[in-house]
Amino acid sequence: MSSPWSRRSFLRLSGNAALLTGTLAAGALPTAGAASAAAAGDEYDELRAVWQGLLLGSGFDPTAAPFAEKLALLGSQAREHRSTMAAAAGSLWPDLPLTLSSSITGSYVRLGTMAHAYAQPGTGLTGDAALATDIGAGLDHLHDRVYNPAKSQFGNWWDFQIGSPQILLDICTILYDRLSATRLAGHLAAVDRFVPDSSVTHYTGTSTGANRVDLCRSLALRGILGKSPAKIALARDALSPVFPFVTTGDGFYADGSFVQHTHLSYTGSYGAVLIGGLANLFALLGGSTWAVTDPRRQIILDSVEKSFAPFLYNGLMMDAVSGRATSRGNPRTNSHGIQGGDHGRGHGVLASIALLGTAASSAERQRWRGLVKGWTQRDYYSPVLSDTELSVAALARLGAIQDDHAVTAIAEPTGHRLFPGMDRAVHRRPGWAASIGMASRRMGFYETGNGENLRGWHAGAGMLQWWGNTYGNGQYTDAFWPTVDPYRLPGITVSKKPLADAEGGAWGLPRPDVSWVGGATDGEYAALGQFVRGLSSTLYAKKSWFCLADSIVCLAGSVRATDGVAVETVVENRNLGATGAQAFTVNGAGQSTALGWSATLPGARWAQIAGHGGYVFPGGATVRALREARTGSWHDINTGGATDPITRRYLTVWFDHGVDPVDAACSYVLMPGATAAATAARAADTGWLGILANDNGQQGIAVAPLGVTAVNFWLAGTVGALTVDHPACVLVREHGDGTATVCVSDPMRMRTGLTVTWHRPVASVLSRPATVASAATGSALTLTFGDLTGQAGATQRIRVALG
């Protein structure tokens, strides 16, 4: 049976999540708990009042937008839950049988909605004593039937140890003054049963990363509500293993990567939960006896700009680091646009960053407020302050930043960020941004689990996603994942061999047995490469992306397979929405806008999708194109998703390598935002790009106008002016001031020695890292590296003066 509630529903109510971050500003709306805390002067009561403030928010006008709409919606949802609640032996709501662990959490979620409607102003249920009585009765029913010290855990561990106790503790906080001591003690005893002190004894298994923060949150609230100093101290101290950098497994890496479930890039989902949870706990405990003072918490503060900001664009959080969360759908749509998806995830992180600023230095806090203001102002597709999936508390905090005239919005940065720790890269240029998702024996192809993300098979096969500053920001938000052809994700080289739902196994199990995945960057341009092996197929390919000033040069070489099916390299698969029919031009000739149009286009030198971007095919190529309407449902890719059919139109462009190709190859240049004229001009400039190699041994390019030579050496050899004696990635960039930067990496993390020669006169070495054992200059530059195995694929940058 499918899950009757989503993790998003939980996050919307949980104080641990970014979606429920609040504000500690003066002028908080009075609550019964806060009043009693002030009167008692008890530190536990004071902390409880702080948590109420984090849950409920403060300093907002409930009659003004966006709060009035949010509060009215909250009241409507609470009334519906109240009217359908019908306590029975096996359920509290008929559609949530308590034989399912997810239904237990789902029942607490509904009671949580009712509790918020009781405590918040403007819901139509504010202070309704009968409602509070009904909530208490519901809590008692769950306690007596399934969630008490005499019961055993079943189903999904997460429901018993994280989902249910967090919502239960939030409700107890909100309704504290309406719960008898006996009732409260019973609920706390249930939490002790399923979240014992031993749950954080060892930093392993399900007690790492975001999960550890979730467990600590329950321990801290249990300690506050039960006035147990040992519990609060344990929660605080058990956070410390989350802070340090890791080199394997779950956590933050020195390069900014965030990994959860050992083998999955998860900045935008589990990372978002972690930063939201820590923001809340830092704010809750700050200034108290149990303040989090571990100096390593600075790593978490640094992650705002090192780990999260690179993947935030115009308010959205990129899918490449969101794992199976991409299959969870868009909860609702209002007059302001579609909510949820990548934008919804991004909005939650913005709220977390805003709250985390209360624990940061004044300089950090001010800069982050500028970042948040910029992201909020630029999200035209799904306006942040119209997102009723955000809590009232989150909306209040974000609204306060927008209204603060002392905060200057910070623009989107430009540059390249490579994340070898999770096989991801982000390329940002003026007006657009792109991400590339890869897989290796370190990182899984994709993640499925709990019936989610059933067809995300090829997201790690080099999926190339991109967004414009004023266009394309709904490309992946607008029902992309349930309607796109999962065998034609943009950027991938793929075998069309049919795969089963959840192919390969759950929780990041399927990983390709390859090591050469990564690249090198000077911080502005980059060379990236992926040795591609197919999921449950014989596909073998070498893929390279060279990220430049206004474009990304894409190569696929040595493409082979013996599956008896076609193999393709997908240039683009653009979601045109429910009605879109954007013009498609090839070599200056407009193509059909009719649905079902399909064509083989020989001699294509360039193509352009109106309002999106251009594509150049160096030397000309035969490509195929298709316009189609595709229908699917969220349930197709997530068993907990809605079954309503959704139709979206797509324009797909691809190279057809045929059935069982042997050493096929192709190349193209992606130009986001380019007009037809600009694309045609680039295609006509045959001297702009030189493809130096595109085969099993090496892939490389030279772009003379940019002074760039870049080669992915899958094997040792010479390409153009570059020679290496072992596999490596080399990016050389000559500057106009007579200097050059040579960037070298060991993506395989296997080189105990490496020699790179650039056959170009070099006068001197201006700077070099300690990994360079020797550097010879003169008629050529020869760099001899020592052991690179401990560099984790990081770029080694050498600056030289040209001869």
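Under this note's numbering, the sequence shown has 125 at position 117, and the numbering climbs by one with no breaks.
Glycine included, C-beta positions come from ideal geometry on N, C-alpha and C.
Supposed close pair residue i, residue j - CB separation, criterion 8 angstroms
{"i": "Q174", "j": "S109", "result": "No, Q174 and S109 are not in contact; Cβ-Cβ is about 14 angstroms, not under 8 angstroms."}
{"i": "W766", "j": "L739", "result": "Actually they do not touch by this definition, with Cβ atoms about 11 angstroms apart."}
{"i": "E51", "j": "S296", "result": "6 angstroms"}
{"i": "V578", "j": "W662", "result": "5 angstroms"}
{"i": "M679", "j": "A686", "result": "7 angstroms"}
{"i": "R519", "j": "M451", "result": "7 angstroms"}
{"i": "P318", "j": "R425", "result": "5 angstroms"}
{"i": "P887", "j": "L723", "result": "The structure shown has nothing for residue 887, since the chain only spans 9 to 811."}
{"i": "F539", "j": "V522", "result": "4 angstroms"}
Spatial neighbours of residue i in its chain, beta-carbon cut-off 7 angstroms, leaving aside the 5 residues before and after
{"i": "G217", "result": "V250, D258, G259, Q268, Y278 and L282"}
{"i": "G801", "result": "P428, G526, S753, D754, P755 and R757"}
{"i": "H149", "result": "A95 and L100"}
{"i": "R305", "result": "F251"}
{"i": "T779", "result": "F793, G794, L796, Q799 and Q804"}
{"i": "T760", "result": "D795 and T797"}
{"i": "E77", "result": "T396"}
{"i": "V670", "result": "R568"}
{"i": "G23", "result": "Confidence at G23 is low in this model, with a pLDDT of 39, below 50, so its placement is unreliable and no value can be given for it."}
Residue from the options with nearest C-alpha to residue i
{"i": "G681", "options": "H620, V716, H643 and I709", "result": "H620"}
{"i": "S775", "options": "V764, A800 and I806", "result": "I806"}
{"i": "D395", "options": "W605, L364, Q128 and D350", "result": "D350"}
{"i": "V117", "options": "N156, I179 and G640", "result": "I179"}
{"i": "T107", "options": "E372, D53, V154 and A189", "result": "V154"}
{"i": "W515", "options": "K551, N458, Y495 and F539", "result": "N458"}
{"i": "H355", "options": "S248, F316 and A591", "result": "F316"}
{"i": "Y479", "options": "W440, G423, E313 and T366", "result": "W440"}
{"i": "N164", "options": "T214, L176, L192 and P157", "result": "T214"}
{"i": "F592", "options": "E576, G622, T608 and L426", "result": "G622"}
{"i": "I409", "options": "T301, L324, R437 and V380", "result": "V380"}
{"i": "G715", "options": "T749, K504 and A629", "result": "T749"}
{"i": "G585", "options": "T639, G445, T683 and A442", "result": "T639"}
{"i": "P632", "options": "P626, T255, H413 and T608", "result": "The amino acid occupying residue 632 in the given sequence is Arg; Pro does not appear at that position. Of P626, T255, H413 and T608, the residue nearest in Cα terms is T608."}
Beta-ladder partner(s) of residue i, from DSSP
{"i": "M451", "result": "Per DSSP, none; premise fails for M451."}
{"i": "A783", "result": "L791"}
{"i": "F592", "result": "I617"}
{"i": "Q538", "result": "V525 and K551"}
{"i": "T747", "result": "A809"}
{"i": "H424", "result": "H435"}
{"i": "L320", "result": "M325"}
{"i": "Q60", "result": "Note: Q60 sits in no beta bridge, so no partner."}
{"i": "G698", "result": "A710"}
{"i": "M430", "result": "Bridge partners of M430: none, in fact."}
{"i": "A629", "result": "A612"}
{"i": "Q804", "result": "V752"}
{"i": "S188", "result": "DSSP, once it has assigned bridges, lists no residue as partnering S188."}
{"i": "T8", "result": "The question about residue 8 has no answer here: the residues shown for the chain are numbered 9 through 811."}
Sequence-distant residues of its chain with Cβ nearer than 8 angstroms to residue i (five each side left out)
{"i": "A246", "result": "V208, R220, L223, C224 and L227"}
{"i": "S139", "result": "Residue identity differs from the one stated: residue 139 is Leu in this sequence, not Ser. A86, R90, M122, A125, Y126 and L133."}
{"i": "L462", "result": "S335, T456, D509, A510, D644, I645, N646 and T647"}
{"i": "G407", "result": "F68, P74 and L393"}
{"i": "L79", "result": "P70, Q128, P129, G130, T131 and V400"}
Cut-off 6 angstroms between Cβ atoms - residues of its own chain near residue i, not counting five sequence neighbours on either side
{"i": "G811", "result": "P769, V770 and A771"}
{"i": "G331", "result": "L272, Y274, S277 and E455"}
{"i": "G499", "result": "G470, M471 and L472"}
{"i": "G35", "result": "Residue placement at G35 is flagged as unreliable, the pLDDT there being 28, under the threshold of 50; the coordinate-derived value follows with that caveat. Closer than 6 angstroms at Cβ, skipping near neighbours: G67."}
{"i": "A637", "result": "L603, T655 and R657"}
{"i": "T660", "result": "R496, N581 and L634"}
{"i": "N477", "result": "G439"}
{"i": "G337", "result": "W642 and G649"}
{"i": "N156", "result": "A198"}
{"i": "S343", "result": "Any answer about S343 is weak, because its pLDDT of 36 lies below 50 and its placement is not dependable; what the coordinates show is given next. Answer for S343: no residue qualifies."}
The segment 702 to 721 contacting the segment 562 to 581, beta-carbon criterion three pairs below 8 angstroms: Contact check between the segment 702 to 721 and the segment 562 to 581: three or more CB pairs, one atom from each, fall below 8 angstroms, which counts as touching.
Three CB pairs or more closer than 8 angstroms across the segment 572 to 580 and the segment 594 to 605: Result no; under three Cβ-Cβ pairs closer than 8 angstroms.
Any 3 or more C-beta pairs closer than 8 angstroms across the segment 463 to 477 and the segment 649 to 661: No, they do not touch.
At least three beta-carbon pairs within less than 8 angstroms, the segment 517 to 536 to the segment 428 to 443: Segments in contact, yes.
Contact between the segment 599 to 619 and the segment 531 to 540 (3+ Cβ pairs under 8 angstroms): They do not touch, by the three-pair rule.
Any 3 or more C-beta pairs closer than 8 angstroms across the segment 481 to 494 and the segment 549 to 563: Segments in contact, no.
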